[in-house]
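*Asks:* Residue 170 in our numbering sits at position 148 of the sequence shown, and the numbers go up by one each step. My questions all concern the structure below.
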Amino acid sequence: MERKNISILLPVRCIVFLLVFIIGSQIVNRDLSEISNWWSIVATIINIFTIGLLFGIAKKDDKTYWELINYKKGQTKVKQVVSITILVVVVGMLGMYLAGFLCYGVIPYAAPMMIAPIPKTLAIINALLLPITTAFAEDGLYLGLGVNGIKNKYCAIIIPAFFFAFQHSFIPVLFDAKYIIYRFLSFLPLTIILCWYYYKKRNPVPIMVGHAIIDLATVIQIIITSFVPGFYEMMCGM
23 MERKNISILL PVRCIVFLLV FIIGSQIVNR DLSEISNWWS IVATIINIFT IGLLFGIAKK
83 DDKTYWELIN YKKGQTKVKQ VVSITILVVV VGMLGMYLAG FLCYGVIPYA APMMIAPIPK
143 TLAIINALLL PITTAFAEDG LYLGLGVNGI KNKYCAIIIP AFFFAFQHSF IPVLFDAKYI
203 IYRFLSFLPL TIILCWYYYK KRNPVPIMVG HAIIDLATVI QIIITSFVPG FYEMMCGM
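Printed below as a string of structure tokens:
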């Protein structure tokens, strides 16, 4: 994949999230903040779109998706998966709390809409879909296509890491500068580390497993807020 194509494809999720939320708010005639709790459903749908895009790109280059992300059977050891999973969880949480302090002056701080309740059936279905599709979509795009597709060492880490983090500023879309910066800063330390690790090891499996687990923790909280009345208000008040 040529670099000129990389520059077009890496921002694709930012653009699609923006379009989906803006058009969606117009269709249902509600403010963006009123539909922000649907972010996880929107994310799963866009993940499926992204995965389809990656499969198409790989096929065009006479590759499989697995070759695109440099997956090699037997390459991964349990120790690697455990260590990277711990790293993802720890750096992810620290990044979120540090960004919350810098932007809102509060520790710990977490955007309340990220665990807002949704219809119960959708909460359960999405708990099964979101973690897996996110790992395949995001890691496939920013690592498999981004890191692998850029020749310069520093650009291969910095550019994919930037868009990897920046897409989260639009999940969900709210036109609030502080919120956008908070979401970006929350993920930037982690995405830089993940892109650097992948550049060195070219092994996506530990990253994908850790990524899926941290997203699983989020969807479990959404299930709880969707099933337990008052839990969401309690979490928002903490």
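Glycine is no exception: its CB is placed at the ideal position from the N, C-alpha and C atoms.
(1) What is the DSSP secondary structure of A138, reduced to helix, strand or coil?
(2) Can you give me the start and stop residues for the alpha helix (DSSP H) that T240 sits inside?
(3) Can the beta-carbon of C258 be found less than 8 Å from the beta-carbon of P139?
(4) With the cut-off set at 8 Å, would you say L76 and G162 are in Cβ contact?
(5) Does E24 come out as helix, strand or coil in the three-state DSSP assignment?
(6) Any chance you could list the alpha helix (DSSP H) runs of at least 4 consecutive residues sitting entirely within the segment 163–229, in chain order?
(7) In whole angstroms, what separates the C-alpha of Y131 from that of M118?
(8) Helix or strand or just coil, what does DSSP make of T98?
(9) From which residue to which residue does the alpha helix (DSSP H) around I45 run?
(10) Spatial neighbours of I154 within its chain, please: CB distance less than 7 Å, with the 5 preceding and 5 following residues excluded, ordered by chain position.
(11) Does the segment 54–73 come close enough to the segment 101–113 to have 3 or more Cβ pairs within less than 8 Å?
*Replies:* Checking against the coordinates, here is how it stands:
(1) Coil.
(2) Counting along the chain, the alpha helix (DSSP H) containing T240 begins and ends at 227–249.
(3) No, these two residues do not count as a Cβ contact at 8 Å.
(4) Against a cut-off of 8 Å, the Cβ pair of G162 and L76 comes out as a contact.
(5) Residue placement at E24 is flagged as unreliable, the pLDDT there being 46, under the threshold of 50; a coordinate-derived value is accordingly withheld.
(6) List check, alpha helix (DSSP H) in window: 175–188, 199–223.
(7) Their Cα atoms are separated by approximately 7 Å.
(8) Note: T98 maps to coil in three-state DSSP.
(9) Note, I45: alpha helix (DSSP H), 34–50.
(10) The answer, listed in chain order, is A234.
(11) Segments in contact, no.
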